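Numbering (the numbering used here), first residue to last: 37 to 200.
For every residue, glycine included, the Cβ atom is placed at its ideal position computed from N, Cα and C.
These numbers come from a predicted model, not from an experiment.
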Amino acid sequence: MTTRIVSYSRTGRSRALAEDLARALDGGISEITCSRYGGPLGYLRAGYDSYYSCLPEIDVAPPIGPANWLVIVAPVWVTHLATPTRRFLRAHRHLPPVAGVAVTRGGHGLLDTLREEVAAARPGFDTPLLALTGKPDEPRGRKLAEFVEAVRLVQSAPASLRVA
Ligand SMILES: Cc1cc2nc3c(=O)[nH]c(=O)nc-3n(C[C@H](O)[C@H](O)[C@H](O)COP(=O)(O)O)c2cc1C
């Protein structure tokens with residue numbers, strides 16, 4: 037059973053979370069990169085694109101390869117998954133199923149939009165969602181452990197239960 041962590045991070049918080057999850061789930065990381073959101077205007081472009089659902093060009097390295105499951109890690113932007121991750125999920129419809137989605141966020145707003153996006157990534161399933169701030173002083177051990185357990189449960193379900 038192989039798990040691929042697919043991570044996007046603009047300022048490093050989601051990347052640190054991806055590294056924790058890679059260790060806990062014994063998976064490799066494929067990183068989404070997107071040059072559009074670097075530099076001084078990156079924040080503004082990120083906000084604009086998120087609001088208007090403009091999905092940017094991305095690269096993914098190393099390639100996903102023959103994994104059984106994906107775990108998605110990304111920041112929340114304007115209540116959605118960050119646009120590079122939305123692009124990934126939209127462009128890669130024939131990838132392994134998503135066993136869990138973990139986000140870092142400033143902490144404001146509801147998670148309703150996000151829950152809908154997570155549900156759309158794997159229709160018909162209650163995909164585990166972990167939401168943290170990703171700040172260095174955040175106590176996250178319990179939430180992280182619960183998420184890892186939920187992902188493991190999804191992965192251990194018989195294949196017959198996984199068909200929508
Ligand atoms: C354009 C933009 C929009 C954001 N929108 C939200 C939001 O709607 N809700 C929230 O809680 N945090 C929001 N944030 C804060 C990020 O989710 C938070 O800083 C995140 O941990 C950054 O992750 P990263 O370091 O992996 O890039 C936003 C950040 C950016 C750049």
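**Message:** Looking at ligand 1, does it come within less than 7 Å of residue 115, judged from the CB to the closest heavy atom?
**Reply:** yes
**Message:** Within the continuous alpha helix (DSSP H) that includes residue 173, where are the two ends?
**Reply:** Per DSSP, residue 173 belongs to no alpha helix (DSSP H) and is neither H nor E.
**Prompt:** Which residues in the same chain as residue 163 place their Cβ atom closer than 8 Å to its Cβ, once the five residues preceding and following it in sequence are excluded?
**Reply:** 134, 135, 136, 137, 154, 155, 157 and 190
**Euclidean distance between Cα positions of residue 88 and residue 59** = 35 Å
**Prompt:** In three-state DSSP terms, what is residue 147?
**Reply:** coil
**Asked** If you draw a straight line from the C-alpha of residue 140 to the C-alpha of residue 101, how long is it?
**Response** 25 Å
**Item:** Beta-carbon contacts of residue 49 that lie in its chain and below 6 Å, excluding the five residues immediately before and after
**Value:** 140 and 170
**Request:** Go ahead and label residue 79 buried or exposed: buried means 16 or more other beta carbons lie within 10 angstroms of its beta carbon, across all protein chains shown.
**Result:** With fewer than 16 other Cβ atoms within 10 Å, it is exposed.
**Prompt:** Which value, in whole angstroms, describes the spacing of the CA atoms of residue 56 and residue 62?
**Reply:** 10 Å
**Prompt:** Taking buried to mean at least 16 other C-beta atoms within 10 Å of its own C-beta, is residue 40 buried or exposed?
**Reply:** buried
**Request:** Take residue 174 as the anchor and find which of 46, 38 and 53 has the nearest alpha-carbon.
**Result:** 53
**Asked** In three-state DSSP terms, what is residue 83?
**Response** Helix.
**Asked** Just curious, the beta strand (DSSP E) that residue 111 is in, first and last residue?
**Response** 105-113
**Item:** residue 112 versus 37, 77, 46 and 71, residue with shortest Cα-Cα distance
**Value:** 46
**Request:** Would you kindly work out how many angstroms separate the C-alpha atoms of residue 37 and residue 84, rounded to a whole number?
**Result:** 39 Å
**Asked** With 16 other CB atoms within 10 Å as the buried threshold, where does residue 86 fall?
**Response** buried
**Message:** Which residues does DSSP list as the beta-bridge partners of residue 117?
**Reply:** Among the bridge pairs identified by DSSP, residue 117 is matched with 112.
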